[in-house]
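Read through the structure below, which is laid out as structure tokens, and then see the notes.
Residue numbers (this note's numbering): 1014 to 1256.
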């Protein structure tokens, strides 16, 4: 079983080395080894220098493509190298590597094509909780996904998720750039693939600054909701379903 961690990184000089070291420590302690690729998304700090000096596995994007473009680069890498499972894993240290086996289990047992790590199924699993506005936003987005796709997704903006080979191929060819997590989830659901969620823990960001401006939360939730509605309509028009 070949498993790849896709790690998008933009100005993560304070975190990226520690994240990669955590992966190495995990591999030393566990039979199932995890490969990784850091996608340096045109960072303007010392992220690239750290990747080079420590001989870490990375792809350097000359221009900043944003989270969607960076993650799709990782999926292209996973597809070309024939990985069985690809997992999005943040470069800021917020995702707990000990839950990798948990989100992979639904896929390895054939129960799901995509498994999302969520903070909201079991709040005791995670001490870190997002702000009120972000929770409100995710509730609104969840409502529209349930309305349009008939599936409740408690954490539609979670970036901690695993996908199987079939989804790797889809995302390698097409991946949303504006609101990648909720939009790509809608695509997978509309096409008839199985999406499940499992409770995971999230850590506080160790250093650096989040790229998400909480003061734009209202604008974000409105735009995402519109995007989810339009995506649902467009994917149904195309008539693409699970192979």
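For every residue, glycine included, the Cβ atom is placed at its ideal position computed from N, Cα and C.
Residues that residue i bridges to, as DSSP identifies them
| i | result |
| --- | --- |
| residue 1017 | 1048, 1099 |
| residue 1108 | 1215 |
| residue 1083 | Beta-bridge pairing links residue 1083 to no other residue. |
| residue 1022 | 1053 |
Assigned secondary structure, residue i (DSSP; H/G/I helix, E/B strand, else coil)
| i | result |
| --- | --- |
| residue 1071 | strand |
| residue 1054 | strand |
| residue 1208 | strand |
| residue 1115 | helix |
| residue 1121 | helix |
| residue 1252 | coil |
| residue 1088 | helix |
| residue 1239 | helix |
| residue 1195 | helix |
| residue 1171 | coil |
| residue 1094 | coil |
| residue 1043 | coil |
| residue 1188 | coil |
| residue 1246 | helix |
| residue 1166 | coil |
Pairwise C-alpha distance: residue j and residue i
| i | j | result |
| --- | --- | --- |
| residue 1110 | residue 1241 | 29 Å |
| residue 1226 | residue 1077 | Summary for residue 1226: the model assigns pLDDT 49, below 50, so the residue's position carries little reliability; its value from the coordinates is reported in the next sentence. Taking the straight line joining both Cα atoms gives about 18 Å. |
| residue 1185 | residue 1038 | 29 Å |
| residue 1088 | residue 1182 | 8 Å |
| residue 1180 | residue 1211 | 18 Å |
| residue 1058 | residue 1171 | 26 Å |
| residue 1035 | residue 1163 | 37 Å |
| residue 1204 | residue 1247 | 11 Å |
| residue 1012 | residue 1082 | Since the first residue of the chain shown is 1014 and the last is 1256, residue 1012 is not available in this structure. |
| residue 1074 | residue 1105 | 18 Å |
| residue 1215 | residue 1250 | 37 Å |
| residue 1118 | residue 1154 | 26 Å |
| residue 1125 | residue 1174 | 12 Å |
| residue 1159 | residue 1189 | 20 Å |
| residue 1020 | residue 1080 | 10 Å |
| residue 1223 | residue 1209 | Confidence at residue 1223 is low in this model, with a pLDDT of 49, below 50, so the placement of that residue is unreliable and no value is reported for it. |
Selected residue, minimal CA-CA separation from residue i, among the options
| i | options | result |
| --- | --- | --- |
| residue 1085 | 1056, 1230, 1176 | 1176 |
| residue 1044 | 1091, 1119, 1114, 1094 | 1114 |
| residue 1103 | 1042, 1097, 1025, 1197 | 1025 |
| residue 1017 | 1064, 1066, 1093, 1197 | 1093 |
| residue 1198 | 1216, 1022, 1168, 1046 | 1168 |
| residue 1049 | 1062, 1022, 1249, 1245 | 1022 |
| residue 1244 | 1194, 1208, 1099 | 1194 |
| residue 1052 | 1041, 1091, 1040, 1042 | 1091 |
| residue 1127 | 1166, 1149, 1150, 1157 | 1166 |
| residue 1101 | 1130, 1120, 1095 | 1130 |
| residue 1028 | 1061, 1148, 1231 | 1061 |
| residue 1015 | 1178, 1072, 1156 | 1178 |
| residue 1134 | 1232, 1098, 1152 | 1152 |
| residue 1033 | 1122, 1149, 1202, 1107 | 1107 |
| residue 1230 | 1067, 1149, 1072, 1063 | 1149 |
| residue 1001 | 1066, 1233, 1201 | Past the edges of the chain, shown from 1014 to 1256, lies residue 1001, and the structure says nothing about it. |
Opening and closing residue of the beta strand (DSSP E) in which residue i lies
| i | result |
| --- | --- |
| residue 1175 | 1174-1176 |
| residue 1130 | 1127-1131 |
Short CB-CB distance (under 9 Å) between residue i and chain D
| i | result |
| --- | --- |
| residue 1050 | Reference to chain D is not applicable here, since this structure consists of a single protein chain. |
Limits of the alpha helix (DSSP H) - the one that residue i falls within
| i | result |
| --- | --- |
| residue 1062 | 1060-1066 |
| residue 1027 | No alpha helix (DSSP H) holds residue 1027; DSSP gives it neither H nor E. |
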